[in-house]
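Enquirer: Read top to bottom, the protein sequences are chains A and B.
Under the numbering used here, the letters of the first sequence match residues 1 to 137, in that order.
Under the numbering used here, the letters of the second sequence match residues 1001 to 1137, in that order.
2 protein chains.
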Amino acid sequence: MLSRKTKYGLKALIYIAKQDKSVPVLISEIAEKEHISKKFLETILLDLKKFGILGSKMGKGGGYYLLKDPKEIKVASIIRVLDGPIALLPCVSLNFYEKCDDCPSEETCALNKLMIQVRDNALSILEKQSLYDLASF
Amino acid sequence: MLSRKTKYGLKALIYIAKQDKSVPVLISEIAEKEHISKKFLETILLDLKKFGILGSKMGKGGGYYLLKDPKEIKVASIIRVLDGPIALLPCVSLNFYEKCDDCPSEETCALNKLMIQVRDNALSILEKQSLYDLASF
DNA sequence: CAAATAATCTATTAATTCTATAGACTAATT
DNA sequence: AATTAGTCTATAGAATTAATAGATTATTTG
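#1: Evaluate the contact criterion for the segment 77-92 of chain A versus the segment 114-124 of chain A: three or more CB pairs, one atom per stretch, below 8 Å.
#2: Nearest chain A C-beta to P1070 (chain B) closer than 8 Å, yes or no?
#3: On a Cα-Cα basis, can you pick out the residue from B:Y1097, B:G1055, B:N1121, B:K1007 that is closest to F1040 (chain B)?
#4: Would you kindly report the start and end of the unbroken beta strand (DSSP E) that includes Y64 (chain A)?
#5: Taking S1136 (chain B) as the reference, give the member of B:M1058, B:L1013, B:R1004, B:L1002 with the closest Cα.
#6: I want to verify the contact list: residues of chain B whose CB lies under 7 Å from the CB of K38 (chain A), in sequence order.
#7: When you compare the CB of V1081 (chain B) with every CB in chain A, is at least one pair closer than 8 Å?
#8: Would the segment 1015-1024 of chain B count as touching the segment 1059-1070 of chain B if we require 3 or more Cβ pairs under 8 Å?
#9: Would you check if the distance between the CB atom of I1078 (chain B) and the CB atom of A1122 (chain B) is smaller than 8 Å?
#10: Please report the distance separating the alpha-carbon of L131 (chain A) from that of L54 (chain A).
#11: What residues from chain B crowd round I137 (chain A), counting only those whose CB sits closer than 7 Å?
#12: Report all residues from its chain with a CB closer than 8 Å to the CB of Y1015 (chain B); omit the five preceding and five following residues, and keep chain order.
#13: Can the beta-carbon of K1050 (chain B) be found closer than 8 Å to that of E1127 (chain B)?
#14: Any beta carbon of chain A sitting closer than 8 Å to that of A1076 (chain B)?
#15: Using a threshold of 8 Å, state whether the C-beta atoms of A110 (chain A) and P70 (chain A) are closer than that.
#16: From Y97 (chain A) to G1059 (chain B), what does the alpha carbon distance come to, in whole angstroms?
#17: Just list the alpha helix (DSSP H) runs in the segment 10-35 of chain A, keeping only unbroken ones of 4 residues or longer that don't cross its boundaries, in chain order.
#18: If you draw a straight line from the alpha carbon of D1020 (chain B) to that of E106 (chain A), how long is it in whole angstroms?
#19: Answer yes or no: does any C-beta atom of chain B fall closer than 8 Å to that of N121 (chain A)?
#20: So, with DSSP's three-state summary, where would you put L94 (chain A)?
#21: By how many angstroms is the C-alpha of M1001 (chain B) removed from the C-alpha of R119 (chain A)?
#22: Give the DSSP-derived three-state secondary structure of L1088 (chain B) in the structure shown.
#23: With 8 Å as the threshold, decide whether the Cβ of L126 (chain A) is near any Cβ in chain B.
#24: Apart from the five residues on each side of it in sequence, which residues of its chain come closer than 7 Å, Cβ to Cβ, to G84 (chain A)?
#25: Helix, strand or coil for K1071 (chain B), going by three-state DSSP, please let me know.
Right, here's the structure in full:
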């Protein structure tokens, strides 16, 4: 399951993507409209900023805005930033790979092979779907 | 990601499925061969027993054995027993459904629709793959 | 019956992650 | 200068995960 953090992050990004691009969006507005704790949302948006998905402006007229074309922001990358691996096992993760220390060989591991399939299947959707798709739903 | 518990449980079940069916398998044997803490494995196998996947026999010559044909034991059901939902959001889970309290309507929720796709895609593999398939890899 | 074997049960702990909050601080605008 | 709004640090509470400990019960075999 995705963490709440990730779900909130996705919702916030969708919210921002739906707004007029020329005006930064307030944290407090997103928090209210999407029913998310404002303080919690702050830390989430800060993460998204750190990874270059969002930009921000302080002071009056400030807020958060997308740094890239919504069509270029894929759901997979958002999940990776906020939730970590999409794969079901570390030994099968493309971006967060870790060897299973209980496993002598990935070559002969049936679980490894199965989870690669599951991963690729999930990615075939999540790497394709963008913020644009979600916002225009 | 799957919990270690689930990974260990899957590995143990595969191990059992590979053995001669007429002889119960020892926890200690599985623990040693698969490099899993024996005590931890005890609780995992107990869970699998509780759910009717495994049977057990105490005393000398005892151990754990499969209660069903390995072809009938699907990976999806094992994951559900040990890990819970396969879906990425509660509002999209078939077996552990929960409404998102921050979400006014699932009908108009883009995330909901997307995660249903991801779920169905994962299930198309996990509901098909059985212990038999994994054991004969 | 006694000894050995092996699962069962209860419980507790340690570690980690998740969720959320608090408060002081900095930057920008008017 | 006042107001607005994001930034930073930190911490705390809750939940979950991972693992361990020790006593107990069931079964087989000699």
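Ideal placement from N, C-alpha and C gives every residue a C-beta, glycine not left out.
Expert: According to the structure shown:
#1: yes
#2: no
#3: B:K1007
#4: 63-66
#5: B:L1013
#6: Under the 7 Å cutoff, chain B gives no residues; its nearest Cβ is about 13 Å from K38 (chain A).
#7: no
#8: yes
#9: no
#10: 12 Å
#11: According to the sequence provided, residue 137 (chain A) is Phe. The question's Ile does not apply to it. Within chain B, the residues near F137 (chain A) are A1110, K1113.
#12: V1025, I1030, K1033, E1034
#13: no
#14: no
#15: no
#16: 42 Å
#17: 27-34
#18: 24 Å
#19: yes
#20: coil
#21: 11 Å
#22: coil
#23: yes
#24: F96
#25: helix
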